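Right, one structure below, let's go through it.
There are 2 protein chains.
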Amino acid sequence: MPFLADPRPAGGPMSGLERVLVVGTGLIGTSIALALREHGVEVHLADLDPRAARLASELGAGLEWSAQEGAPAADLAVIAVPPQYVAAELLALQRRGAARYYTDVASVKALPLAEAERLGCDLGDYVAGHPLAGRERSGPAAARADLFLGRPWAYCPTDETSPAAVDTLLALIKLCGAEAVRVGAEEHDRAVAVVSHAPHVTAAAVAARLAEAPETALGLAGQGVRDVTRIAAGDPALWTGILSGNALPVANVLEAVAADLAAAAAALREAAEPGRRAEEGADPMGMPWVTALLERGVAGTDRIPGKHGGPASVYTVIQVIIGDRPGELARLFQAAEEAGVNIEDVRLEHAPGLPLGAAELFVQPQAAAALAEALRANGWHLP
Amino acid sequence: MPFLADPRPAGGPMSGLERVLVVGTGLIGTSIALALREHGVEVHLADLDPRAARLASELGAGLEWSAQEGAPAADLAVIAVPPQYVAAELLALQRRGAARYYTDVASVKALPLAEAERLGCDLGDYVAGHPLAGRERSGPAAARADLFLGRPWAYCPTDETSPAAVDTLLALIKLCGAEAVRVGAEEHDRAVAVVSHAPHVTAAAVAARLAEAPETALGLAGQGVRDVTRIAAGDPALWTGILSGNALPVANVLEAVAADLAAAAAALREAAEPGRRAEEGADPMGMPWVTALLERGVAGTDRIPGKHGGPASVYTVIQVIIGDRPGELARLFQAAEEAGVNIEDVRLEHAPGLPLGAAELFVQPQAAAALAEALRANGWHLP
Chain A
0 MPFLADPRPA GGPMSGLERV LVVGTGLIGT SIALALREHG VEVHLADLDP RAARLASELG
60 AGLEWSAQEG APAADLAVIA VPPQYVAAEL LALQRRGAAR YYTDVASVKA LPLAEAERLG
120 CDLGDYVAGH PLAGRERSGP AAARADLFLG RPWAYCPTDE TSPAAVDTLL ALIKLCGAEA
180 VRVGAEEHDR AVAVVSHAPH VTAAAVAARL AEAPETALGL AGQGVRDVTR IAAGDPALWT
240 GILSGNALPV ANVLEAVAAD LAAAAAALRE AAEPGRRAEE GADPMGMPWV TALLERGVAG
300 TDRIPGKHGG PASVYTVIQV IIGDRPGELA RLFQAAEEAG VNIEDVRLEH APGLPLGAAE
360 LFVQPQAAAA LAEALRANGW HLP
Chain B
0 MPFLADPRPA GGPMSGLERV LVVGTGLIGT SIALALREHG VEVHLADLDP RAARLASELG
60 AGLEWSAQEG APAADLAVIA VPPQYVAAEL LALQRRGAAR YYTDVASVKA LPLAEAERLG
120 CDLGDYVAGH PLAGRERSGP AAARADLFLG RPWAYCPTDE TSPAAVDTLL ALIKLCGAEA
180 VRVGAEEHDR AVAVVSHAPH VTAAAVAARL AEAPETALGL AGQGVRDVTR IAAGDPALWT
240 GILSGNALPV ANVLEAVAAD LAAAAAALRE AAEPGRRAEE GADPMGMPWV TALLERGVAG
300 TDRIPGKHGG PASVYTVIQV IIGDRPGELA RLFQAAEEAG VNIEDVRLEH APGLPLGAAE
360 LFVQPQAAAA LAEALRANGW HLP
């Protein structure tokens, strides 16, 4: 029976967070509430849609908020609404004195800050924030207390932000088990355009080709196109709001991607021109611009940090043929445990149409030989 | 100790494939050779680089070919060289009578067929083929006998192809455990442009943005951009050759993707124009064109076939918090086995910086409640 010591600090009086108000009980708001509840923080829940707040409450995320005059102010109000509505919500909450400090969780940061200034919000007790966590599913039912464990949580104080407001947000981030990353609002928006918003639109544009492709093409689809298009399954309305709030940085990245793809297409057309292959000294694969783009791509993937936040680790992959029935993986991992080897990651590759698949076990290079030997000794088939 | 009945048919005399010549001992050629060896087929190996043929031979893929006059012809020669060189290799092999029938495995099909006709190859004993399998790694050392298990294997007979040549290729496909898919060469090329070649270039163009992004941006990278860019880590030289051989169909798809991205960028710029938000009746998220693109993307992902070749199955996902140490997964799968539940797929989500992660178990919906209950009863933490 596994028992895991909880690495997260306790909330409550010592953390400066006794009472938190969460406004907007979607995936992110409800997940924050659940994480806070695990630390004994008193959480109040509000949503434009009272059914969403009730559902979150029923899931154990806290109490439905009753916005009565004279109710004690929260230590922190977390505004978890779409980017376009953050500033208006902040103003309304500040006017009724709902909390001592305020933060938000929107995926864009410059827009809410500019709007808050324009509306005349108090910018001293507000810190813009953005937990880098999400799922393809949305809504309170998809929420999880551990959604933010080990994830970056960007926060963007300005010259006007009070240190106490920052400390209060940092306490929240700590209770959620996330890692605080201080960053300017504009820099944040440019960063997420590159690593999240533009990749989402690009995945959608690739997936859009599948929508119009003949059945034959889908029958030839492999793992590559599945990976490229996975995030394109996300909610279009939600994503339109995010993209709208980060319009110019996303447009910049999309234009660069579009330009690269158009240039690649032009190079391909040129290479296909009749007679080009017969030209004196023409390299039959001579598309140096395309090769250079592919090389830039390799360089980009090399920069993505790996597991545990460090540089991408290089694991050794051991493949094992497994049957598609209960217990195969249990026996496999049992054998690995008996060999004293930790499996860092696992990928199942099912063979379409057959009751067989291959498990790819990612292990530390120095453990690979011992594991392979142990598995073979136990009768596993390693191709 | 697991023992799996081999679902693949036996080779040798009964299959019409007693002796096969594999020309080009890279990933695909060597994997085919390994699969044939498992069925007792006599395999001969040739490569422009004799060290590659020797390595493949040492890996158990067959014997190095000695192209002496009077050596018995193979039943089938598998030409596993880059697309540009297939036709010339076919001509050379036919001239020396190396085999009764010929096939190739190139990722494009119209080019080798056109070149073979132009060079005056015998088109009666040649069937163009393409196994839809691959890996990010290349070369004989990455080869696996099970690479083609359950994968589609396209083949493109023409009016001139003899039925006996087709039957011989079908025997090879069967021995490799793959599923034969008959398709015209042009249709094949358009299909792989959509599901493989253009997605590869697009992934590279997204990854290229990461190559030039500031460190802050990489620090905010999540799972989404990792998935979108994974295949961009593939070998640029190999991929330039593939793209060059399918230039026009790939250019068509890339232009459509580029046009969608440019139009999305334009819509985003327009939405960001000063004053637009204040316009009478303007929808603050009013980017119907962008929403429509995202919706086309969702429709595209919905069409990708799932496990076992059928329509995408809908599994229920159960999340379990696990520690990062040997045995956690073994105990987890053990508990699932004891509950009699088959785990269809598993995804590990490690929390960067923490010795904790979440395992997502994909199970049949009707088994989910029982598994969740069994896991909780065993002390697992399900968020």
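Listed in order, the protein sequences are those of chains A and B. Going by numbering that gives the first Met the number 0, the residue at position 281 of the first sequence is 280; the numbering climbs one at a time, nothing skipped. Going by numbering that gives the first Met the number 0, the residue at position 9 of the second sequence is 8; the numbering climbs one at a time, nothing skipped. Even glycine gets a Cβ: it sits at the ideal position worked out from N, Cα and C. Given the structure is predicted, the values throughout are model-derived calculations rather than measurements.
Along chain B, which residues have their Cβ under 9 Å away from the Cβ of residue i?
i, result
"D46(A)", "Neighbours of D46(A) on chain B: none; closest Cβ ~19 Å, over 9 Å."
"T290(A)", "P235, A236, W238 and T239"
"R53(A)", "Near R53(A) there are no residues of chain B at all, since even the closest Cβ is about 21 Å away, more than 9 Å."
State buried or exposed for residue i, treating a residue as buried only when at least 16 other CB atoms are found within 10 Å of its CB.
i, result
"A368(A)", "exposed"
"E272(B)", "exposed"
"S65(B)", "exposed"
"P151(A)", "buried"
"G208(A)", "The amino acid at residue 208(A) is misidentified as Gly; the sequence shows Arg. Looking at its Cβ environment, which holds 16 or more other Cβ atoms inside 10 Å, R208(A) is buried."
"G378(B)", "exposed"
"E114(B)", "buried"
"R117(B)", "exposed"
"P49(B)", "exposed"
"R181(A)", "exposed"
"E254(A)", "buried"
"Q93(A)", "buried"
"G339(A)", "exposed"
"D46(B)", "buried"
"Q83(A)", "buried"
"L370(B)", "buried"
"D301(A)", "exposed"
"D158(A)", "exposed"
"Y101(B)", "buried"
"Q365(B)", "exposed"
Tell me where the alpha helix (DSSP H) around residue i begins and ends.
i, result
"W288(A)", "P287 to D301"
"D342(A)", "It should be pointed out that residue 342(A) corresponds to Ile in this sequence rather than to Asp. Where I342(A) is concerned, there is no enclosing alpha helix (DSSP H), given that its DSSP letter is neither H nor E."
"A51(A)", "P49 to E57"
"V400(B)", "Look at the range of chain B in this structure, 0 to 382, and you will see that residue 400(B) is not part of it."
"R117(B)", "A109 to L118"
"L75(B)", "Not the alpha helix (DSSP H): L75(B) falls in the beta strand (DSSP E), residues A73 to I78."
"E178(A)", "Here E178(A) belongs to no alpha helix (DSSP H); instead the beta strand (DSSP E) covers E178 to R181."
"P364(B)", "P364 to A376"
"L33(B)", "L26 to R36"
Below 8 Å on C-beta distance, what does residue i contact in chain B?
i, result
"T201(A)", "T201, A204, V205, V227, V256 and L260"
"D188(A)", "Ordered by position in chain B, no residue passes the 8 Å Cβ test against D188(A), which lies about 11 Å from the chain."
"L247(A)", "L267, R268 and A271"
"V104(A)", "Correct list: empty, because the minimum Cβ distance to chain B is about 14 Å."
Kindly list, in the order they appear in chain B, the residues whose Cβ is closer than 7 Å to that of residue i.
i, result
"T215(A)", "V182, E186 and A190"
"L384(A)", "Shown here, chain A extends from 0 to 382; a query on residue 384(A) therefore has no answer."
"A250(A)", "A264, L267 and R268"
"A298(A)", "A210"
Output, in chain order, the set of chain A residues within a Cβ distance shorter than 9 Å of residue i.
i, result
"Q333(B)", "G326, A329, R330, F332 and Q333"
"S195(B)", "L219, A220, G221, G223 and V224"
"I303(B)", "A206, L209, L217, A220, V224, R225 and T228"
For the beta strand (DSSP E) that residue i lies in, which residues bound it at each end?
i, result
"G322(B)", "T315 to G322"
"E336(B)", "Where E336(B) is concerned, there is no enclosing beta strand (DSSP E), although the alpha helix (DSSP H) it sits in stretches over E327 to E337."
"T102(B)", "A98 to D103"
"A45(B)", "E41 to A45"
"L90(A)", "Segment V85 to R94 is the alpha helix (DSSP H) holding L90(A); no beta strand (DSSP E) there."
"D188(B)", "No beta strand (DSSP E) holds D188(B); the alpha helix (DSSP H) holding it covers A184 to V191."
"V205(A)", "It is not in any beta strand (DSSP E) - V205(A) instead sits in the alpha helix (DSSP H) that spans A197 to E211."
"L20(B)", "R18 to V22"
Counting only Cβ pairs nearer than 7 Å, list the residues of chain A close to residue i.
i, result
"P151(B)", "G218 and L219"
Counting only Cβ pairs nearer than 8 Å, list the residues of chain A close to residue i.
i, result
"R386(B)", "Past the edges of chain B, shown from 0 to 382, lies residue 386(B), and the structure says nothing about it."
Indicate whether the contact test is met: 3 or more Cβ pairs, each with one atom in the segment 21-29 of chain A and one in the segment 57-76 of chain A, closer than 8 Å.
-> yes
Segment contact, 8 Å Cβ cut-off, at least three pairs: the segment 235-243 of chain B with the segment 253-262 of chain A = Counting C-beta pairs closer than 8 Å gives fewer than three between the segment 235-243 of chain B and the segment 253-262 of chain A, which falls short of the contact rule.
Unbroken stretches of the alpha helix (DSSP H), 4 residues or longer, contained in the segment 215-243 of chain A | 222-228
Which ranges would you report for the alpha helix (DSSP H) in the segment 129-170 of chain B if only whole runs of at least 4 residues count?
-> none
Kindly confirm or deny that the segment 28-36 of chain A and the segment 179-194 of chain A touch, where touching means at least three C-beta pairs closer than 8 Å.
-> no
At least 3 beta-carbon pairs within less than 8 Å: the segment 150-164 of chain A vs the segment 161-174 of chain B = no
Would the segment 216-230 of chain A and the segment 52-60 of chain A be scored as touching if the rule is three or more Cβ pairs under 8 Å?
-> no
Three CB pairs or more closer than 8 Å across the segment 191-201 of chain B and the segment 197-212 of chain A = yes
Give a yes or no on contact between the segment 86-95 of chain B and the segment 117-134 of chain B, applying the rule of three or more CB pairs nearer than 8 Å.
-> Yes: at least three Cβ pairs fall under 8 Å.
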